[in-house]
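Before any comments, here is the structure.
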Amino acid sequence: MTHGIRSTACGALAWGALALGCAPAPPDPAQLATVDSLITTTAAALLTLNELDAGRYARLDSLFRSADARFRDRFNDTLDTATARLLGDQYLLLRQAGRIGDDQLRMATDLATTKERLHALRTDLANGAIAPADARTHIDQESRTVGRLMAALDTVIGNYRAAQLAWERRDTVERLLSAP
């Protein structure tokens, strides 16, 4: 073997040994499973949210704008308890429809952003780019974020149900607003 080949071979072996010595630790399967679970939860929440008709809020807001003056006129009149409760509930929901719709859109954005961040975290964990102790910190933070998003999703779903009810009773409310 010539001196050049021997030097190159020794150099290659040395670099290979260094590379193996610097190789990242294998990912913790439990951490990967936790992140996978968070990704699944977030993706399911995003699918659920995307099933809700976001346009419903715009229709309710439009309904509010067209009926606001008539609501106010009826509130200046004497109403029986059932009518006052129905009109009051409807008025409050219609008045908040635009904000509630914005909350739903913001929630969709937050879920999509969190889902992307979780995918990046999973990739980093799988590639060993994050030390296991640091990974635990990131996973705990993301778990809290997903928990807050799931609680907020429950609120969004409750608001959507209320919006559905408001939409279903719009004819009844219209009759009450038109009554002499």
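Residue 22 in the numbering used here sits at position 22 of the sequence shown; the count goes up by one each step and never skips.
Yeah, the Cβ is synthetic: ideal placement off N, Cα and C, and Gly gets one too.
Terminal residues of the alpha helix (DSSP H) in which residue i lies
i, result
"S73", "Checking the sequence, you will find Asp at residue 73 rather than Ser. G55 to F75 is the extent of the alpha helix (DSSP H) around D73."
"L105", "T81 to A126"
"A131", "From DSSP, A131 is part of no alpha helix (DSSP H); its letter is neither H nor E."
"A33", "P29 to E51"
Residue burial classification, residue i (beta-carbon count within 10 angstroms, cutoff 16)
i, result
"G88", "exposed"
"Q31", "buried"
"P26", "exposed"
"L52", "buried"
"N127", "exposed"
"Q159", "This sequence places Asn at residue 159; Gln is not what is there. N159 should be labelled buried."
Rounded straight-line distance, which links the Cα of residue j to that of residue i
i, j, result
"W167", "K115", "32 Å"
"G21", "A129", "Interpretation of G21 is limited by its pLDDT of 49, a score under 50 that renders its predicted location unreliable; no figure is taken from the coordinates."
"R175", "L79", "14 Å"
Sequence-distant residues of its chain with Cβ nearer than 7 Å to residue i (five each side left out)
i, result
"Y91", "F71"
"L118", "V35, L38, I39, T42 and E142"
"D110", "L149"
Contacting residues, own chain, Cβ-Cβ under 8 Å from residue i (five flanking each side not counted)
i, result
"A163", "R56, Y57, L60, L93, A97 and I100"
Contacting residues, own chain, Cβ-Cβ under 6 Å from residue i (five flanking each side not counted)
i, result
"R122", "V35"
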